[in-house]
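I have placed the structure first, in the form of structure tokens, so that the comments after it can refer back to it.
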Amino acid sequence: MIDAMDNQAFASPSEPSFSSLIPLRAVDFFCGAGGMSFGLSQAGIRVLGGVDNSIDCKKTYEANVSGAVYIRRDISRLTAPELGRRLGLQVNDPELILCGCSPCQFWSKIRTDKTKSVKTAFLLKKFQKFIRHFRPGYVVVENVPGLYRSKDNSILADFQKFLSRLGYNFQDGVINANHFGVPQNRKRYLLIASRVRVISPLSTDATESRLNVSDFIGMTNGFPNITHGHRDQTDFLHTTAKLSEKNLRRISVTPTGGNRFAWAENMDLQINAYRNKDHMFRDVYGRMAWNRPAPTITTRFISLSNGRFGHPDENRAISIREGAALQTFPIDYRFHGKSINALARQIGNAVPPALAKRIGVHLSSVHHG
Numbered sequence: 004m005i006d007a008m009d010n011q012a013f014a015s016p017s018e019p020s021f022s023s024l025i026p027l028r029a030v031d032f033f034c035g036a037g038g039m040s041f042g043l044s045q046a047g048i049r050v051l052g053g054v055d056n057s058i059d060c061k062k063t064y065e066a067n068v069s070g071a072v073y074i075r076r077d078i079s080r081l082t083a084p085e086l087g088r089r090l091g092l093q094v095n096d097p098e099l100i101l102c103g104c105s106p107c108q109f110w111s112k113i114r115t116d117k118t119k120s121v122k123t124a125f126l127l128k129k130f131q132k133f134i135r136h137f138r139p140g141y142v143v144v145e146n147v148p149g150l151y152r153s154k155d156n157s158i159l160a161d162f163q164k165f166l167s168r169l170g171y172n173f174q175d176g177v178i179n180a181n182h183f184g185v186p187q188n189r190k191r192y193l194l195i196a197s198r199v200r201v202i203s204p205l206s207t208d209a210t211e212s213r214l215n216v217s218d219f220i221g222m223t224n225g226f227p228n229i230t231h232g233h234r235d236q237t238d239f240l241h242t243t244a245k246l247s248e249k250n251l252r253r254i255s256v257t258p259t260g261g262n263r264f265a266w267a268e269n270m271d272l273q274i275n276a277y278r279n280k281d282h283m284f285r286d287v288y289g290r291m292a293w294n295r296p297a298p299t300i301t302t303r304f305i306s307l308s309n310g311r312f313g314h315p316d317e318n319r320a321i322s323i324r325e326g327a328a329l330q331t332f333p334i335d336y337r338f339h340g341k342s343i344n345a346l347a348r349q350i351g352n353a354v355p356p357a358l359a360k361r362i363g364v365h366l367s368s369v370h371h372g
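Per our numbering, residue 4 is the first one in the sequence shown, and the count goes up by one each step.
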């Protein structure tokens, strides 16, 4: 097992071609909008299907992940034999990857009501029945660091023991996605396991640059200036949430890269809950900086009050498409949802495709190396 902050375990400085070899195949559980599936496919892995219970995600997934079947089912009610029949899976397939990137709100450090998310805390255990039945060559788990760091958490420890009993070796730890092609300071727990190959650490490419906000959004990247409350009726979805009059005044006096401290002495703009609490919630109402990575893109990235989600220059929070770009979804990725909040949830919950691609390249290198 690697140290929790050892990012070297998952780096892949080169991307060899595996086109002449038998491709790995993957099934993506809790697939959402398809970030993991799309990234794996970009690495040359054949994605057979995704499993999720969201109707909005079904439309998004099928519009973007070519050749994959979206199975809209609650994992608690889906049986392994049924999944096998629908996707043509075989038991003990050394080329099969099962990915389990379950919803992570319960383990998040964000202080929210855990009541609605408590059921998601145990989805990792539900994922085990498919590993036990199919015995795939590889298993991938991605989640928030809280899954790894929680002192009271026996779920992950039990899952690791479960893998070991089935003959899997694994590397796991907390990584920063910014080291793997994502322009965010996005800390994630990542586990990669195999029963057919030894999962060995790879060294980080010392010349690899870290990506910033300016590498993905802004006028030079095809994002025209817009105002808060803008509605883009095209598939580009350069759509923003409307600000209240007071929040518009707040962001208007906040400099690029700045935060709520810019108006902390203005008694009209200051928020009572934050008075004399400069050590807490330093990112809320903040602006991003062009020359730094974005913060973690969450499901509430369209809201100025929920993090450092203000546009670096314009008086608004970032748009749906800007959030998707910072998550490394390509510009032509098509999202479907009934509301701006539904779209933001799909994007914020997704595994960044660039990170998923790096995982896929790593797996292919291990398997075919």
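Every residue gets a Cβ at the ideal spot worked out from N, C-alpha and C, and that includes glycine. Every value quoted in this text rests on a predicted model; they were computed, and no experiment measured them.
Under DSSP, Phe32 forms a beta bridge with Val54, Gly103. Within a 10 Å sphere around the beta-carbon of Ser105 sit 16 or more other beta-carbons, which makes this residue buried.
When Ser368, Asn224, Met222 are compared, the shortest CA-CA separation from Ser197 is found for Ser368.
About 6 Å separates the CB atoms of Gly37 and Thr63; that is less than 8 Å, so the two are in contact.
Around the beta carbon of Ser44, 16 or more other beta carbons sit within 10 angstroms, so the residue counts as buried. Within the same chain, Ala196, Ser197, Arg198, Val201, Ile202 come within 8 Å of Asn172 by CB-CB distance, once the 5 residues on both sides are set aside. Spatial neighbours of Pro298 in its own chain (CB-CB distance under 7 Å, excluding positions within 5 residues in sequence) are listed in chain order as Gln187, Asn188, Asp286, Gly310, Arg311.
Under a 10 Å Cβ-count criterion, Gly170 is classified as exposed, with fewer than 16 other Cβ atoms of the shown protein chains found around its own Cβ. Shortest Cα-Cα distance from Asp335 to any of Gly372, Thr237, Arg252 involves Thr237. Rounded to whole angstroms, Asp59 and Asn262 show a C-alpha spacing of 34 Å. Residues Leu246, Asn250, Ile254, Tyr288, Gly313, Ala320 of the same chain have their beta carbon placed closer than 7 Å to that of Leu307, with the five preceding and five following residues left out of the count. Following the DSSP letters along the chain, one finds Ile350 inside the alpha helix (DSSP H) bounded by residues 343-352.
In the three-state scheme derived from DSSP, where H, G and I count as helix and E and B as strand, Tyr336 is classed as coil. Residue environment: Leu240 is assigned as buried (16 or more neighbouring CB atoms within 10 Å of its CB, all protein chains considered). Here the segment 342-357 lies against the segment 322-333, with 3 or more beta-carbon pairs under 8 Å apart. Counting along the chain, no beta strand (DSSP E) covers Lys245, and no H or E run does either. Per DSSP, reduced to three states, the secondary structure at Asn181 is helical.
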